[in-house]
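J.:
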Amino acid sequence: MQMASELSVETQPRRERSRPKPWQFGKVTHVIVETPETSTLRIEVPDAAQFVPGQYYNIRIPIPGRERPIQRAYSVGSSPVPDHSIIDVGIRETPGGLVSPVLVREISPGDLLEVRGPYGAFTWTEKEAGPLLLVGAGSGVVPLMSMIRYQVAVGSKYEMHLIFSSKNREFAIYADELDELAKTNDWLKVSHTFTRDDSDSSARYHRRIDSEMITEIFGETSPKLAYICGPPEVVEKAESVLLELGMQADSVRTEKYD
Ligand SMILES: Cc1cc2nc3c(=O)[nH]c(=O)nc-3n(C[C@H](O)[C@H](O)[C@H](O)COP(=O)(O)OP(=O)(O)OC[C@H]3O[C@@H](n4cnc5c(N)ncnc54)[C@H](O)[C@@H]3O)c2cc1C
């Protein structure tokens with residue numbers, strides 16, 4: 003049996019992160035409908051580089067009327083352990099968007115998609131320790147889920163408290179898996195906040211992420227590191243609250259989905 007330490011991944015050096023990577027065709031093996039607007043595409047990447055929880059891939063597709071394929075960034079939601087060559091990307095359909103509606107509505111198992119990666123410095127491994135405060139809004143939960151699944155896979159037990167904002171339970175990506183993981187791992191706490199529901203008892207809050215909420219969970223967690231991901235306005239708000247609460251700038255890591 004492999005020990006947890008043999009399974010863990012190394013944070014890539016900056017040089018490695020910025021090296022040009024080739025486009026390659028990955029095969030979609032599964033399409034998992036997560037919510038009415040979000041699907042996970044499970045993609046087998048033939049020549050896959052090791053990725054670190056929190057990183058993303060670029061995906062490009064041909065668009066009628068466009069001379070060149072159009073690319074967008076999608077975070078990996080799966081753990082690189084045990085197999086970094088199978089990536090789950092969680093894609094929310096942006097109404098009127100060029101790429102995400104095609105990926106969410108028109109891709110089937112067996113299709114080939116052009117992918118390139120991994121990229122990004124929004125990363126965590128157990129070597130950085132915890133406790134961690136994770137703040138995700140909408141599909142911003144995807145890279146945070148990779149960190150949580152990774153910690154399950156390697157067996158470390160740093161405290162993680164996720165504040166997760168969704169419209170309501172139906173639109174909360176991974177909601178059942180997260181609640182199950184929180185029941186079976188006492189290092190994980192999940193505080194849902196639903197912005198378009200005021201009665202569902204599976205949510206701790208029923209409003210947008212705000213300073214009071216972050217201050218409350220900050221007090222319960224005493225985080226060493228914070229990871230915030232989602233639309234720029236949510237990320238900037240949460241980051242400024244954590245800095246006001248005394249966290250150092252290099253301990254508050256952000257990924258904005260502009
Ligand atoms: C590092 C990173 C990681 C990401 N990870 C994820 C992820 O895991 N999951 C996820 O769902 N998303 C993720 N995103 C966001 C993703 O990359 C795309 O931005 C998103 O899917 C929208 O792309 P799109 O092509 O569908 O929309 P776009 O075509 O980019 O359009 C976006 C919006 O702009 C509007 N728009 C477009 N053109 C015009 C115009 N000419 N005039 C007015 N309005 C216009 C559209 O109607 C739409 O509402 C990530 C982004 C980054 C930067």
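Counting in the numbering used here, the sequence shown runs from 3 upward without gaps.
Even glycine gets a Cβ: it sits at the ideal position worked out from N, Cα and C.
(1) How about HIS194 and SER204: are their beta carbons less than 8 Å apart?
(2) When the Cα atoms are used, what is the spatial distance from ALA139 to LYS159?
(3) What's the call for THR127, buried or exposed, on a 16-neighbour Cβ count within 10 Å?
(4) Can you look up ALA240 in the DSSP assignment and give me helix, strand or coil?
(5) Pick out the complete beta strand (DSSP E) segments inside the segment 211-259, 3 residues or longer, and give them in chain order.
(6) What residue does the alpha helix (DSSP H) around ILE150 start on, and which one ends it?
(7) So, do the segment 182-192 and the segment 143-159 have three or more beta carbon pairs nearer to each other than 8 Å?
(8) Measure the alpha-carbon distance for SER201 versus ARG70 and round it to whole angstroms.
(9) Give the DSSP-derived three-state secondary structure of PRO22 in the structure shown.
(10) Would you check if there are 3 or more beta carbon pairs closer than 8 Å linking the segment 25-33 to the segment 42-50?
(11) Quick one: give me the first and last residue of the beta strand (DSSP E) that SER41 is part of.
(12) Less than 7 Å between the CB of VAL144 and some heavy atom of ligand 1, yes or no?
(13) Given the structure, does ASP260 come close to ligand 1, in the sense that its CB is under 7 Å from one of the ligand's heavy atoms?
(14) Select from SER167, GLU218 and SER41 the residue whose C-alpha is nearest the C-alpha of ASP199.
(15) Under the three-state reduction of DSSP, which class applies to LYS159: helix, strand or coil?
(16) Which of the three DSSP states, helix, strand or coil, is assigned to LYS28?
(17) Evaluate ARG268 with the Cβ neighbour count: other Cβ atoms within 10 Å of its Cβ, from every protein chain shown; 16 or more gives buried, anything less gives exposed.
(18) Please list, in chain order, all residues of the same chain as LYS258 whose beta carbon is under 6 Å from its beta carbon, the five residues on each side excluded.
(19) Could you tell me the boundaries of the beta strand (DSSP E) in which THR195 lies?
(20) Looking at C-alpha atoms only, which residue of LEU180, ALA174, ILE175 and GLU172 is the closest neighbour of MET162?
(21) Out of curiosity, what's the CA-to-CA distance linking THR42 and VAL106?
(22) Using alpha carbons as the reference points, say which of SER80, ILE45 and TYR207 lies closest to ILE109.
(23) Measuring from the CB of TYR229, is there a heavy atom of ligand 1 at a distance below 7 Å?
(24) What are the partner residues of THR37, as DSSP defines its beta bridges?
T.: From the atom records:
(1) yes
(2) 24 Å
(3) buried
(4) helix
(5) 227-232 and 254-258
(6) 143-156
(7) yes
(8) 47 Å
(9) coil
(10) yes
(11) 40-46
(12) yes
(13) yes
(14) SER167
(15) coil
(16) Going by the sequence as given, residue 28 is Gly instead of Lys. In this structure, GLY28 counts as strand in the three-state DSSP scheme.
(17) Past the edges of the chain, shown from 3 to 260, lies residue 268, and the structure says nothing about it.
(18) PRO234 and VAL237
(19) 190-196
(20) LEU180
(21) 8 Å
(22) ILE45
(23) no
(24) THR40
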